[in-house]
Amino acid sequence: MCRVAVVLALAGVLAGCSARGAQPTTQGTAQASSASAPADPIPPVREPKNLAGASPCQLLTPAQLADNQMDLPAKTKSVLDAAGCEWDNKAHTREIRLYVDTTNDVLHNVYAQRATFPVFEVTQVGGHPAIRTKNNEAGTTCFFNVAAAERQTFVVGFTSLRQGLEEPCGPARSIAEDVMANLPPLKS
Amino acid sequence: MSDHGGFGVPAPLGGMTENLNGLIHPPVAGPAPVQDLTSILGDPAQHFQLDLDQAPQAIAAFRQVAQGMRDLMYEAERLSNVPAPALDAVSINAAKEIGQWAVSEEPGALRWALESGAVQLEKTADALEQSLATHRDTDEVNAAHLNRPQL
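Have a look at this one:
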């Protein structure tokens, strides 16, 4: 019995080691200050904004869309069960997509999958916790998952078309900041 | 009895069982076995014919399929947020496996493959557009040359 307990304890230690192995570097990730209770890598939302009931295609103003060279009508495009929107331009140089999740704790779920992203960064957008990801290191699409409030997240994706001449994460961040600035405060 | 066989009949090769196995088995690491589309189109040893009148439709079709692949890429991205339907170990592990399969960075994994596929299709459309423009320019130069009065 004692031997079984020792084996199980050792297996637990080994599993813990392998689960923590080979993770990408995360800038802005809170570092654990002590060995006891690790800090939550996703900081809390300080000034919650309201995403519930928002129509994704209304989350960017016509002026912001014009600044981003979007000159085609917005297209409603849900992503599985999440309401979303897509914007394109006639020159076919850029594509913006956005979807809203008001059910899941998206940032913690994405953080749990961090080892599977070649580009992963815990960051902030407009003072709100966010995660930047890319599917391929040299990929032409960049995603920002931004927490507007607890279990209220929007995901912005920017794709650079025409053979990826434009680095996609700069515009993606700028668009995410625009969306955050447009959201009303969440009234408790 | 249907043409697809009944109960007790072994599944034919390439049948549902094999397809399902292909879907549920995790992707194997390593380079993708297929040659990428742009290298095929850009290879001078490869020959294909495209009716110039049909080229714009072909370009539009490549772009449309690329957009469809990006639709799927966003869905794969969102699959990483699939919560377990119940708290039993099987459900938790299934949700974890689906998430891993959907978002793994390895070549052949769903999200990686969808983005790469969309990029290749866009590049192909760009290359066709470029070829079409070059061809039209050459035609115009030739036409201008032919219309020049002979001395």
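One line per chain: the protein sequences are V and R, in this order.
For the first sequence, the residue numbers in this note's numbering are 402 to 589.
For the second sequence, the residue numbers in this note's numbering are 5 to 155.
Every residue gets a Cβ at the ideal spot worked out from N, C-alpha and C, and that includes glycine.
Only a predicted model underlies this, so the values are computations on that prediction, with no experimental measurement involved.
Whole angstroms is fine: what's the gap from residue i's alpha carbon to residue j's?
i, j, result
"residue 122 of chain R", "residue 527 of chain V", "31 angstroms"
"residue 545 of chain V", "residue 558 of chain V", "7 angstroms"
"residue 584 of chain V", "residue 518 of chain V", "28 angstroms"
"residue 476 of chain V", "residue 458 of chain V", "8 angstroms"
"residue 125 of chain R", "residue 66 of chain R", "6 angstroms"
"residue 552 of chain V", "residue 532 of chain V", "14 angstroms"
"residue 513 of chain V", "residue 556 of chain V", "17 angstroms"
"residue 560 of chain V", "residue 507 of chain V", "21 angstroms"
"residue 467 of chain V", "residue 449 of chain V", "27 angstroms"
"residue 447 of chain V", "residue 548 of chain V", "10 angstroms"
"residue 493 of chain V", "residue 473 of chain V", "10 angstroms"
"residue 530 of chain V", "residue 141 of chain R", "52 angstroms"
"residue 562 of chain V", "residue 569 of chain V", "9 angstroms"
"residue 130 of chain R", "residue 63 of chain R", "8 angstroms"
"residue 73 of chain R", "residue 116 of chain R", "11 angstroms"
"residue 439 of chain V", "residue 516 of chain V", "18 angstroms"
"residue 138 of chain R", "residue 145 of chain R", "11 angstroms"
"residue 127 of chain R", "residue 495 of chain V", "14 angstroms"
What is the DSSP secondary structure of residue i, counted as helix, strand or coil?
i, result
"residue 561 of chain V", "strand"
"residue 493 of chain V", "coil"
"residue 586 of chain V", "strand"
"residue 66 of chain R", "helix"
"residue 136 of chain R", "helix"
"residue 94 of chain R", "helix"
"residue 442 of chain V", "coil"
"residue 481 of chain V", "coil"
"residue 541 of chain V", "coil"
"residue 462 of chain V", "coil"
"residue 475 of chain V", "coil"
"residue 505 of chain V", "coil"
"residue 453 of chain V", "coil"
"residue 536 of chain V", "coil"
"residue 146 of chain R", "helix"
"residue 550 of chain V", "strand"
Is there a Cβ of chain V sitting closer than 8 angstroms to that of residue i, yes or no?
i, result
"residue 123 of chain R", "yes"
"residue 79 of chain R", "yes"
"residue 28 of chain R", "Bear in mind that a pLDDT of 42 at residue 28 of chain R, under 50, signals an unreliable position, so the model cannot answer this."
"residue 120 of chain R", "yes"
"residue 152 of chain R", "no"
"residue 140 of chain R", "no"
Residue i touches chain R at which residues, Cβ-Cβ below 8 angstroms?
i, result
"residue 564 of chain V", "126, 127 and 130"
"residue 493 of chain V", "67"
Could you confirm whether any beta carbon from chain R is found closer than 8 angstroms to the beta carbon of residue i?
i, result
"residue 454 of chain V", "no"
"residue 481 of chain V", "yes"
"residue 469 of chain V", "no"
"residue 447 of chain V", "no"
"residue 536 of chain V", "yes"
Taking Cβ-Cβ distances shorter than 7 angstroms, what residues in chain V pair up with residue i?
i, result
"residue 84 of chain R", "510, 511 and 514"
Run through chain R and tell me which residues come within less than 7 angstroms of residue i, C-beta to C-beta.
i, result
"residue 560 of chain V", "74"
List, in chain order, every chain R residue whose beta-carbon is nearer than 9 angstroms to that of residue i.
i, result
"residue 533 of chain V", "Simply none; closest approach about 13 angstroms."
Problem - Selection of the stretch 540-552 of chain V by Cβ proximity to chain R, strictly under 8 angstroms - result: Within the stretch 540-552 of chain V, the residues whose Cβ lies closer than 8 angstroms to some Cβ of chain R are 540, 541, 542 and 544, listed in chain order.
Handout entry: Residues in the stretch 568-584 of chain V having any Cβ partner in chain R nearer than 7 angstroms
Key = Of all residues in the stretch 568-584 of chain V, none comes within less than 7 angstroms of chain R when Cβ atoms are compared.
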